[in-house]
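Per the UniProt record's numbering: the sequence shown = residues 543 to 823.
No residue lacks a Cβ here, since even glycine has one placed at the ideal position from N, Cα and C.
This one's a predicted model, so the numbers in the text were calculated from it and none came from an experiment.
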Amino acid sequence: AKGDGRNRVAYFSAELDSQLRDKMRLESKLRQAVSCEAFEIYIQPQYDYKTSKFRWAEVLIRWEDPEEGFIPPDKFIKLAEETGIINDIDQWVLRATCKLWAEHGEALRAIGIEGVSMNLSARQFYSKTLFAYVEAVFEEYGINPSCISFEITESMVIENIEGAIETMERLRNIGSRISIDDFGTGYSSLSYLKRLPIDSLKIDRSFIMDIPGDTNDVAITSAIIAMAEKLNLSVIAEGIETKEQCEFLVEQGCFHMQGYYFAKPAPVRTFLKPQLNAAVE
Ligand code: C2E
Ligand code: CA
Ligand code: CA
Ligand code: CA
């Protein structure tokens with residue numbers, strides 16, 4: 543039995559070792575990826591049921607590693623946050639988003655897309671230099687701030703509500719929009735939601751996944767939609783994969799939807815009209 547225990551310890555430490563090695567390998571790859579800008583941005587349009595058109599689009603980062611292929615953001619954003627690499631990534635995403643809108647905004651507007659929204663990490667959102675950086679990049683690319691929306695997760699807001707409100711106000715004062723991402727997962731209270739200077743709520747995919755079958759998720763989703771309406775906020779449901787989910791949401795009064803059912807994230811040219819597409823290639 544003694545030998546057994548020792549083996550187990552050896553096994554665990556080997557396992558930890560290999561986890562740590564994987565993490566360090568990923569970190570060094572990520573640093574390399576930042577320095578050679580090995581990222582790309584995809585967009586995922588958001589559908590407006592009332593007009594049967596796409597209306598906004600979310601920008602999502604993609605990283606293709608020469609050896610490992612696409613590494614999903616869920617695999618590297620957390621590591622990037624822990625190591626601080628996220629600062630460079632976030633700045634890259636902001637520039638890439640502005641460049642995308644400067645180059646393709648007109649073509650996107652021609653298919654109904656009024657603007658693009660990008661995700662902000664907690665570090666970037668609470669950084670003292672964020673606002674000045676955003677203004678400088680908008681100016682550099684000649685961006686109308688009202689065409690850019692920032693997605694901030696509910697849990698980020700809860701970290702520091704006063705700080706969050708201040709940054710949101712500055713961004714909204716120049717005309718940009720703010721959405722609360724992954725809404726419903728952060729246990730926020732109604733009392734402060736009312737105080738937030740925001741434009742919309744995005745209902746987290748985990749609630750959408752099992753509607754209309756799961757009664758709890760049905761209750762939560764319809765409550766969020768009703769609440770958004772009372773607070774005069776627009777509401778976007780994310781992760782719609784089926785016709786049934788779409789129909790349920792429409793019945794509840796949610797007309798803005800994002801999900802594979804309407805469009806998967808893809809490079810911007812995928813969504814442009816063929817004739818405009820020819821012009822950009
Ligand atoms: P998120 O902001 O909640 O983004 C939505 C995620 O749901 C995206 O995953 C999108 O591809 C996925 N999705 C959309 N529709 C469906 C659907 O119908 N079914 C399923 N199963 N998934 C769907 P993605 O691109 O892998 O991104 C994951 C997370 O990584 C994002 O969650 C966001 O938190 C973070 N992220 C992505 N891009 C960026 C970025 O540029 N900057 C920062 N800071 N974070 C990012
Ligand atoms: Ca998002
Ligand atoms: Ca989300
Ligand atoms: Ca999410």
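The C-beta of P587 has 16 or more other C-beta atoms within 10 Å across all chains shown, which makes the residue buried. When DSSP states are grouped into helix, strand and coil, R597 belongs to the strand group. For ligand 2, no non-hydrogen atom lies closer than 7 Å to the CB of D746. The beta carbon of E693 sits closer than 7 Å to at least one heavy atom of ligand 2.
Between the beta-carbon of V777 and that of S742 there is about 6 Å, and that keeps the pair under the 8 Å contact cut. Setting aside the 5 residues that flank it on each side, S659 is surrounded in the same chain by W598, A599, E600, V601, I690, S691, F692, E693, R719, S721, each with a C-beta closer than 8 Å to its C-beta; the list follows chain order. In the three-state reduction of the DSSP assignment, G801 falls in the coil class. Inclusion of V676 and R637 in the CB contact set at 8 Å is not warranted, their separation being larger than that value. In this structure, the straight-line span from the alpha carbon of E569 to that of D630 is close to 13 Å. In this structure, Y803 places its C-beta atom within 8 Å of the C-beta atom of C788. Exposure of G717 is indicated by the presence of fewer than 16 other C-beta atoms within 10 angstroms of its C-beta. In the structure shown, the three-state DSSP call for Y591 is coil.
Taking the CA atoms as reference points, A765 sits about 28 Å from P807. If you check the CB distance, R712 and F673 come in under 8 Å.
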